[in-house]
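These notes concern the structure reproduced below.
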Amino acid sequence: SWQGLNERVDLTALNGPQALAELLTERGLEVEAVRSLGAGLEKVITAQILEMKKHPQADRLSLCQVTIGEGEPLAIVCGAKNMKVGDKVALAQIGATLPNGVKIEKSKIRGETSCGMLCSGEELKLADSTDGILILSSDTPLGRPLAEVLGQNDTILELSLTPNRGD
């Protein structure tokens, strides 16, 4: 873990995890992979549902107004049913590409504008299957990167131990 190493060793002279991987390789250790835990969550932030109402053109959709703690509320069309007003949720912003490959764009869904997407744990590759969107703890701060809130804002360096290394 890049963060775990940073707690024990001063790595400020290095320009990130990739530079450490190159240094370790130069020193004879085989770095198999450098993997970001928060990959695909770069534009996913925490939000709170302010209002929910039935979509006028679709029985299975809801119109939600959500806040990220600043600015105007955002209109989101959502198909999940497991949330309620006041819930804190994961919001994929316009321009996000989720871990499952879905690209988020401003769109019209059955005549209503959606400025993002409320995400499930499955869509974010945080769970194998889910019954709706990811509901966060009530004390979750708004407008924060989801990777940071979930402790996924770290990079893992995977090392391969070669048979000639007895240590």
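Quick note, the numbering used here runs 92 ahead of the 1-based positions in the sequence shown. Think of the CB as a built atom: it goes at the ideal place given N, C-alpha and C, for glycine as much as any other residue.
Spatial neighbours of Ala-125 in its chain, beta-carbon cut-off 6 Å, leaving aside the 5 residues before and after: Glu-250
I'd like to know whether the C-beta atoms of Val-265 and Ala-188 end up nearer to each other than 8 Å. There is no way to answer for residue 265, as the model of the chain reaches only from 93 to 259.
Alpha carbon of Ile-225 to alpha carbon of Gln-157, nearest angstrom: 15 Å
Check Glu-118 in the structure and name its three-state DSSP category. helix
Which residues in the same chain have their Cβ closer than 6 Å to the Cβ of Val-181, if we skip the five residues on either side of it in sequence? Ala-139, Leu-210 and Ile-225
Indicate whether Leu-190 and Ile-160 have their beta-carbon atoms separated by less than 8 Å. no
Are the beta-carbon atoms belonging to Ile-186 and Glu-204 less than 8 Å from one another? no
Take every Cβ of the stretch 217-224, pair it with every Cβ of the stretch 109-129, and state whether three or more of those distances are shorter than 8 Å. no
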